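Colleague: The sequence shown: position 15 = 286 (the numbering used here), numbered continuously. Glycine included, C-beta positions come from ideal geometry on N, C-alpha and C. Bear in mind that the values here come from a model prediction, so they are computed numbers and not experimental data. Before I ask anything, let me first share the structure, which is written out below as structure tokens.
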Amino acid sequence: MSDTVLKELEGRVALLTINRPDKLNALNQQVRDDMLALLDEIEADDAIGAVVITGAGEKSFVAGADIGEFAGRSPFDQREAMRSPRVFDVMASFPKPVIAMINGFCLGGGCELAASCDIRVASDRARFGQPEIKLGLIPGGGGTQRLPRMVGLGQAMRLILSGEMIQADEAARIGLVDLVAPADDLRATTMDLAAKIAAQSPLTLRVAKEAMRASQRMAVEEGILYERDLFCLCFSSEDKAEGVSAFLEKRAAEWKGR
Ligand code: COA
Numbered sequence: 272m273s274d275t276v277l278k279e280l281e282g283r284v285a286l287l288t289i290n291r292p293d294k295l296n297a298l299n300q301q302v303r304d305d306m307l308a309l310l311d312e313i314e315a316d317d318a319i320g321a322v323v324i325t326g327a328g329e330k331s332f333v334a335g336a337d338i339g340e341f342a343g344r345s346p347f348d349q350r351e352a353m354r355s356p357r358v359f360d361v362m363a364s365f366p367k368p369v370i371a372m373i374n375g376f377c378l379g380g381g382c383e384l385a386a387s388c389d390i391r392v393a394s395d396r397a398r399f400g401q402p403e404i405k406l407g408l409i410p411g412g413g414g415t416q417r418l419p420r421m422v423g424l425g426q427a428m429r430l431i432l433s434g435e436m437i438q439a440d441e442a443a444r445i446g447l448v449d450l451v452a453p454a455d456d457l458r459a460t461t462m463d464l465a466a467k468i469a470a471q472s473p474l475t476l477r478v479a480k481e482a483m484r485a486s487q488r489m490a491v492e493e494g495i496l497y498e499r500d501l502f503c504l505c506f507s508s509e510d511k512a513e514g515v516s517a518f519l520e521k522r523a524a525e526w527k528g529r
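Structure follows, in structure tokens:
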């Protein structure tokens, strides 16, 4: 494994840092391959309950796909580079909660990476945009599909068609970011949230995510029936028995993940 993505553990939280600060953490093939390998490892590791993704350095989360790799590529080369599994889709369907800790420029593929996470926490100095239009391109990491679902069609049109950047407070106002923290508190705020999440039952987290993800593709009536079935399925788990007993016995629950 190269050092383009670093993995640290803090309790039950894995922190992945995309580590190309001299290129503002642009996503090249190596970063994407390393991310996929690390996500595989994290999925299989029962000691990890949640994942936080960030960029190295003060300036950038991820400034997009590595534009240098686009030069001279044929459509077939590009199609090969975009073959499945793709890091955006793996993150969007990851069984464990994934939080983007957005420490600076969050552009193009970086904004799409953040949109593939479950929760986005941003520094008040972060800036967001989908500037692909300025390169004669459109977003290719799910941006035309995930962004309109997050911020509405009009705001997505505005960002993707103009390529303009917006500040963190505006990103929060339109729903692109869930929490904004002062730059100096970003890590503590994000890791506290991740630790709270990672302390819950891994099994129940997975089911809760599955139910909420379904809201993005199902009509509300179908989604509510699906939620009812998943809620009832929880009654078969040891963690539901433990959670209810622990509450009634006024003690902390000890989750088994089954
Ligand atoms: N791909 C490849 N390299 C990138 C990059 C990207 N997406 N974004 C930044 N870099 C590189 C720059 O080429 C520069 O490398 P160099 O020092 O070897 O010349 C380095 O990162 C620093 O970037 P620089 O442009 O000098 O910083 P800045 O503060 O002046 O500007 C940005 C910051 C983010 C506004 C500017 O880098 C930018 O517009 N980047 C491209 C964003 C983009 O279009 N993303 C979508 C890609 S599909």
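#1: Using a Cβ-Cβ cutoff of less than 6 Å, which residues in the same chain neighbour T325 once the five nearest sequence positions on both sides are dropped?
#2: Under the DSSP definition of a beta bridge, which residues are partnered with C377?
#3: Output the boundary residues of the beta strand (DSSP E) element that contains L394.
#4: By Cβ distance below 6 Å, which residues in the same chain neighbour G414 in space, the five residues on each side in sequence not counted?
#5: Is T275 helix, strand or coil when you go by DSSP?
#6: Does Q416 come out as helix, strand or coil in the three-state DSSP assignment?
#7: Run through the DSSP bridge pairs and tell me what N369 is partnered with.
#8: Hey, would you say M462 sits closer than 8 Å to V284, going by beta carbons?
#9: Does the distance from the C-beta atom of S387 to that of L457 stay below 8 Å?
#10: Hey, quick one: how far does the alpha helix (DSSP H) through V515 stretch, first residue to last?
#11: Could you tell me the alpha carbon to alpha carbon distance between S273 and L464, rounded to whole angstroms?
#12: Could you spell out the range, first to last residue, of the alpha helix (DSSP H) harbouring I468?
#13: Is F506 near the ligand COA, going by C-beta to nearest heavy atom under 7 Å?
#14: Whole angstroms are fine: how far does the CA of L378 sit from the CA of L424?
#15: Check each candidate in E492, L450 and P292 and name the one with the smallest Cα separation from I390.
#16: How long is the line joining the alpha carbons of D316 and T275, rounded to whole angstroms?
#17: From I495, F332 and K480, pick the residue whose C-alpha is nearest to that of S364; which is it?
#18: Just list the residues that DSSP pairs Q438 with in beta bridges.
#19: With a 10 Å radius around its C-beta and 16 neighbouring C-beta atoms as the bar for buried, classify R488 as buried or exposed.
#20: Spatial neighbours of A524 within its chain, please: CB distance less than 7 Å, with the 5 preceding and 5 following residues excluded, ordered by chain position.
#21: Would you kindly check if the distance between the Cβ of I468 and the Cβ of L476 is under 8 Å?
#22: Run through DSSP, which three-state label would V448 get?
Modeller: According to the data block:
#1: Position 54 of the sequence shown holds residue 325. For T325, where only same-chain residues beyond five positions count, the Cβ hits under 6 Å are T288, M372 and N374.
#2: Locating residue 377 in the sequence shown gives position 106, where the first residue counts as 1. The partner list for C377 (beta bridge, DSSP) reads V333 and F399.
#3: Residue numbering aside, residue 394 sits at position 123 when the sequence shown is read from its first letter. In the sequence under discussion, the amino acid at residue 394 is Ser, which differs from the Leu named in the question. Unbroken beta strand (DSSP E) run through S394: I390 to S394.
#4: Locating residue 414 in the sequence shown gives position 143, where the first residue counts as 1. Contacts found: E383 and Q401.
#5: Start at 1 with the first residue of the sequence shown, and residue 275 comes out as number 4. In this structure, T275 counts as coil in the three-state DSSP scheme.
#6: On the sequence shown, position 145 is the one that residue 416 refers to. Here Q416 sits in helix by DSSP.
#7: Walking along the sequence shown from the start, residue 369 turns up at place 98. Position check: residue 369 holds Val in this sequence, whereas Asn was assumed. Paired residue(s): V322.
#8: Taking the first residue of the sequence shown as 1, we reach residue 462 at position 191. Taking the first residue of the sequence shown as 1, we reach residue 284 at position 13. It is a contact, given that the beta carbons lie within the stated cut-off.
#9: Locating residue 387 in the sequence shown gives position 116, where the first residue counts as 1. Locating residue 457 in the sequence shown gives position 186, where the first residue counts as 1. Cβ atoms of S387 and L457: not closer than 8 Å.
#10: On the sequence shown, position 244 is the one that residue 515 refers to. Counting along the chain, the alpha helix (DSSP H) containing V515 begins and ends at E509 to L519.
#11: Here residue 273 refers to the residue found at position 2 of the sequence shown. Here residue 464 refers to the residue found at position 193 of the sequence shown. Looking at the two C-alpha atoms, the distance is approximately 29 Å.
#12: Mapped onto the sequence shown, residue 468 falls at position 197. From DSSP, the alpha helix (DSSP H) with I468 extends over L457 to A469.
#13: Here residue 506 corresponds to residue number 235 of the sequence shown, with the count starting at 1. Result no, Cβ not under 7 Å from the ligand COA.
#14: For the purposes of this step, residue 424 is identified with residue 153 of the sequence shown, where counting begins at 1. For the purposes of this step, residue 378 is identified with residue 107 of the sequence shown, where counting begins at 1. Roughly 18 Å between the two C-alpha positions.
#15: Taking the first residue of the sequence shown as 1, we reach residue 390 at position 119. Nearest C-alpha to I390: L450.
#16: As a position in the sequence shown, residue 316 is number 45, starting the count at 1. As a position in the sequence shown, residue 275 is number 4, starting the count at 1. If I take the Cα positions, the gap works out to 21 Å.
#17: Locating residue 364 in the sequence shown gives position 93, where the first residue counts as 1. Per the Cα distances, K480.
#18: Within the sequence shown, numbered from 1, the residue matching residue 438 stands at position 167. Answer is R398.
#19: Locating residue 488 in the sequence shown gives position 217, where the first residue counts as 1. Classification for R488: exposed.
#20: The count along the sequence shown starts at 1 and reaches residue 524 at position 253. Closer than 7 Å at Cβ, skipping near neighbours: E513, G514 and A517.
#21: Stepping through the sequence shown from its first residue, residue 476 is reached at position 205. Stepping through the sequence shown from its first residue, residue 468 is reached at position 197. Yes.
#22: Here residue 448 refers to the residue found at position 177 when the sequence shown is read from its first residue. Three-state DSSP puts V448 in coil, outside helix and strand.
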